[in-house]
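FYI, in mature numbering (1 follows the signal peptide of the UniProt record, and there is no 0) the residues of the sequence shown are -18 to -1, 1 to 674.
By construction, the Cβ of each residue, glycine as well, lies at the ideal position given by its N, Cα and C atoms.
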Amino acid sequence: MKFCSIFWLLFLVSTSLTFTFIHAAGNVTYDGRSLIINGQRKLLISASIHYPRSVPAMWPGLVQTAKEGGVDVIETYVFWNGHELSPGNYYFGGRFDLVKFAKIVQDAGMYLILRIGPFVAAEWNFGIFAILQIENEYGYYENYYKEDGKKYALWAAKMAVSQNTSVPWIMCQQWDAPDPVIDTCNSFYCDQFKPTSPNRPKMWTENWPGWFKTFGGRDPHRPAEDVAFSVARFFQKGGSVHNYYMYHGGTNFGRTAGGPFITTSYDYDAPVDEYGLPRLPKWGHLKDLHKAIKLCEHVLLNGKSVNISLGPSVEADVYTDSSGACAAFIANIDDKNDKTVEFRNASYHIPAWSVSILPDCKNVVFNTAKVTTQTNKISMIPEKLQQSDKGQKTFKWDVWQENPGIWGKADFAINGFVDHINTTKDTTDYLWHTTSISIDENEELLKKGSKPVLLIESKGHALHAFVNQKYQGTAYGNGSHSAFTFKNPISLKAGKNEIALLSLTVGLQTAGPFYDFVGAGVTSVKIKGLNNKTIDLSSNAWTYKIGVQGEHLGIYQGDGLNSVNWTSTSKPPKGQTLTWYKAIVDAPPGDEPVGLDMLYMGKGFAWLNGEGIGRYWPRLSEFKKEDCVEECDYRGKFNPDKCDTGCGEPSQKWYHVPRSWFKPSGNVLVFFEEKGGDPTKIMFVRRKVSTA
């Protein structure tokens, strides 16, 4: 699910902004109809753009694209786990330069809604914990904590109001929000939502124009017609502030993707795609919608409304004011049949599941089901990696392989297992577990040449198994069920056998009751078939090491690049586990957005010039062809599984690499491959747009 941080702050920023100097957008108040800024009622259309999910070089373009799309307000969370890396250790640089982002919004003449958290969820790794725990969609979970939950929500609201920020506070999905805090709606549809107090304006803080994606999952899509229908219905029924979550989803760079199993791409089928390009026709259709709604703004906010039934499933909401101004929204909520109706002595054809907007109560300027904007066609143009050293006749890779198991000094040893997340403290995805088992030379299986079966149970999220330094296989959960079972035959020898298990997380839980106690990691290890028995190794002495060695040494950046003995070769190993690959490359030609094609790699991490591109995993979707659609019928209520594509295809093949991270030449590209791939088939791709 999508989650919003529990309060928002609406403000404009002074030119002398530092993080502690934030100025309100004038005098901001509200009543039961709308926000009132400097004495004027405002109908606001807002767009979620998360600054850490893009890069500073993209911010001006993203903000301008939103403005051109008819957006008044940019909304973002404050991602505190990127700003306060440890208590008192603050960072506001690079992708986390919130001040710069706010200034860009100000320079565009737009408002900024700052969702200052500190908890955000947002499919961002582990939500966020910090010193000011104002909750996020806490209404969903309040009852799990019983009376303490209610007390906590009340305390959070009172604490926020006591800050005297001079702007309204908002709590998303908080049905017992106390005055003067405004409770708001998050959903695919919020036209029927009503604030718990008639003195509060009707606000929609998250309209989801798509959905997030998981490794092993499908590609969710929400039709432009349905998004427009939901927005028009909201304003038809008295809404005054609407926000798209997301308007630009962006990329979960580094290890920021949560979930678990959320992909590195956070494209979200948003009006602006992951690479910063308008997604047509969705972006253009919503732009036309915003223009039509703005034509009605004055009478919507200052007039009176009357609801008129025009027949089964068809209704008109008519707004008029004392000056004689009139605007009407005619909705056909039948999800199958078009309707022709009479309204004010004129005939109107209203397609199924659509809204027509009449700013003068006569002429239809927009219908949500009629898409007239152009469609674009996206091509990913492949570009071979070009080595920067032109003196080399063949492309050279530097390669270094890690040994399975404990490297350096073990961190600790205990009998049994530990929780993966509590042990690593989210400093790494990786946790090594090692133990040994002795096999008698008279073991029947050895004589027969048969293989026992290694059985491993894990709470999640993935695992690579090794016996006597040899790879035995991989197992993993998925976005719906993190737990999994590893069951593979293994080769054992007489004498001592070393078992090494590399447990992995793939992003941490982002929300839910007691979600910080969900945990992950190995819970049981058994070997079946020795002496016709099952041997339980779970209570054995297990030795642990946090992280993998190359990650610890930082061999993907700076001085760490020289901390291991790389082997240079024009024929890098393929299908080899625990292997680091490094290449020095030129930037791809052109000025289009860039990605990496990782289809022929297994699973791991990628970096460019020390910047974390993120987790890569071209894992095939686990869904069958019949679980996806070739064409989507926009009619009827949307859900995340309604219009999916990509069944049986790689979950994520292309990985966004911002142009601003490149130098013309001498770019250090590093990969850590966990389970085996073919680096010679890695390519850059340029995202090219043409009009269909």
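Taking only the alpha-carbon atoms, compute the straight-line gap between residue i and residue j and give it to the nearest angstrom.
{"i": "Lys176", "j": "Ile110", "result": "29 Å"}
{"i": "Leu26", "j": "Pro183", "result": "12 Å"}
{"i": "Ser329", "j": "Ala313", "result": "14 Å"}
{"i": "Thr410", "j": "Val449", "result": "23 Å"}
{"i": "residue 680", "j": "Asn345", "result": "Residue 680 lies beyond the stretch modelled for the chain, which goes from -18 to 674, so this question has no answer here."}
{"i": "Val622", "j": "Lys430", "result": "Here residue 622 is Pro; the residue named in the question, Val, does not match the sequence. Rounded to the nearest angstrom, the two C-alpha atoms are 52 Å apart."}
{"i": "Gly43", "j": "Gly258", "result": "8 Å"}
{"i": "Leu512", "j": "Ala523", "result": "20 Å"}
{"i": "residue 676", "j": "Thr559", "result": "Residue 676 lies beyond the range of the chain shown here (-18 to 674); nothing can be said about it."}
{"i": "Leu(-9)", "j": "Asn9", "result": "Unreliable positioning characterises Leu(-9) in this predicted model, as indicated by a pLDDT of 48, which lies under 50. The coordinate reading is nonetheless provided below. In a straight line, the C-alpha of Leu(-9) is about 11 Å away from that of Asn9."}
{"i": "Asp161", "j": "Trp151", "result": "10 Å"}
{"i": "Asp89", "j": "Gly199", "result": "40 Å"}
{"i": "Leu484", "j": "Ala447", "result": "6 Å"}
{"i": "Asp660", "j": "Tyr453", "result": "17 Å"}
{"i": "Ser603", "j": "Pro34", "result": "27 Å"}
{"i": "Val337", "j": "Glu324", "result": "15 Å"}
{"i": "Gly455", "j": "Asp615", "result": "42 Å"}
{"i": "Val347", "j": "Glu50", "result": "19 Å"}
{"i": "Val353", "j": "Gly618", "result": "17 Å"}
{"i": "Trp379", "j": "Ile509", "result": "39 Å"}
{"i": "residue 696", "j": "Pro260", "result": "Missing from the structure shown is residue 696; the chain here goes from -18 to 674 and no further."}
{"i": "Gly52", "j": "Asn547", "result": "55 Å"}
{"i": "Ala674", "j": "Met362", "result": "15 Å"}
{"i": "Lys657", "j": "Leu96", "result": "41 Å"}
{"i": "Val399", "j": "Leu437", "result": "Looking at the sequence shown, residue 399 is not Val but Phe. Roughly 15 Å separates the two Cα atoms."}
{"i": "Phe654", "j": "Ala588", "result": "7 Å"}
{"i": "Val254", "j": "Trp265", "result": "7 Å"}
{"i": "Phe466", "j": "His443", "result": "8 Å"}
Roughly how far, in whole angstroms, is the beta-carbon of residue i from the beta-carbon of residue j, given that I think they are within contact range, below 8 Å?
{"i": "Trp193", "j": "Tyr250", "result": "7 Å"}
{"i": "Thr302", "j": "Lys286", "result": "6 Å"}
{"i": "Gly503", "j": "Ser545", "result": "The Cβ separation is near 28 Å, so there is no contact."}
{"i": "Glu207", "j": "Gly231", "result": "Going by Cβ atoms, the distance from Glu207 to Gly231 rounds to 20 Å, so no, they are not a contact pair."}
{"i": "Met665", "j": "Pro202", "result": "Not really, about 26 Å apart at Cβ, beyond 8 Å."}
{"i": "Ile403", "j": "Leu486", "result": "Incorrect: roughly 11 Å between the Cβ atoms, too far for contact."}
{"i": "Ser636", "j": "Val667", "result": "Looking at the sequence provided, one finds Trp at residue 636 rather than Ser. Contact flag correct, Cβ pair sits at about 6 Å."}
{"i": "Tyr526", "j": "Asp393", "result": "5 Å"}
Check for me: the alpha helix (DSSP H) holding residue i runs from which residue to which?
{"i": "Trp41", "result": "41 to 50"}
{"i": "Asn63", "result": "62 to 65"}
{"i": "Gly91", "result": "From DSSP, Gly91 is part of no alpha helix (DSSP H); its letter is neither H nor E."}
{"i": "Lys264", "result": "264 to 277"}
{"i": "Lys321", "result": "Premise fails: Lys321 lies in the beta strand (DSSP E), 321 to 325, not in any alpha helix (DSSP H)."}
{"i": "Glu426", "result": "426 to 430"}
How should residue i be labelled, buried or exposed, when 16 other C-beta atoms within 10 angstroms of its C-beta is the threshold for buried?
{"i": "Trp157", "result": "exposed"}
{"i": "Gly293", "result": "exposed"}
{"i": "Ala309", "result": "buried"}
{"i": "Arg326", "result": "exposed"}
{"i": "Met141", "result": "exposed"}
{"i": "Thr549", "result": "exposed"}
{"i": "Leu651", "result": "buried"}
{"i": "Asn24", "result": "Before going on, a small fix: residue 24 reads as Lys here, not Asn. Counting Cβ neighbours within 10 Å, Lys24 comes out buried, since at least 16 surround it."}
{"i": "Asn385", "result": "exposed"}
{"i": "Val223", "result": "buried"}
{"i": "Gly128", "result": "Strictly speaking, residue 128 in this sequence is Lys, with Gly absent from that position. Counting Cβ neighbours within 10 Å, Lys128 comes out exposed, since fewer than 16 surround it."}
{"i": "Ile332", "result": "buried"}
{"i": "Ala214", "result": "buried"}
{"i": "Gly596", "result": "buried"}
{"i": "Ser212", "result": "buried"}
{"i": "Gln531", "result": "buried"}
{"i": "Ile396", "result": "exposed"}
{"i": "Tyr458", "result": "buried"}
On the DSSP letters alone, give me the boundaries of the beta strand (DSSP E) that residue i sits inside.
{"i": "Glu613", "result": "Looking at the DSSP string, Glu613 is not in any beta strand (DSSP E), and its letter there is neither H nor E."}
{"i": "His415", "result": "412 to 421"}
{"i": "Gly293", "result": "It is not in any beta strand (DSSP E) - Gly293 carries neither H nor E in the DSSP assignment."}
{"i": "Leu17", "result": "17 to 19"}
{"i": "Trp636", "result": "636 to 639"}
{"i": "Val667", "result": "665 to 673"}
{"i": "Arg23", "result": "22 to 24"}
{"i": "Gly584", "result": "Where Gly584 is concerned, there is no enclosing beta strand (DSSP E), given that its DSSP letter is neither H nor E."}
Could you confirm whether any beta carbon from chain C is found closer than 8 Å to the beta carbon of residue i?
{"i": "Tyr72", "result": "The chain labelled as chain C is not found in the depicted structure, where only one protein chain is given."}
Check your understanding: Curious, which full-length beta strand (DSSP E) runs of at least 3 residues does the segment 337 to 410 contain?
Key -> 358 to 366, 379 to 383, 394 to 397
Practice item. Pick out the complete beta strand (DSSP E) segments inside the segment 496 to 582, 3 residues or longer, and give them in chain order. Key: 504 to 512, 515 to 518, 523 to 528, 549 to 551, 561 to 567, 576 to 579
Exercise for review: Only counting runs of 4 or more residues, tell me where the alpha helix (DSSP H) segments fall wholly within the segment 111 to 191, in order along the chain.
Suggested key: 128 to 143
Point to revise | beta strand (DSSP E) runs wholly inside the segment 185 to 260, at least 3 long, in chain order | key: 185 to 189, 223 to 230
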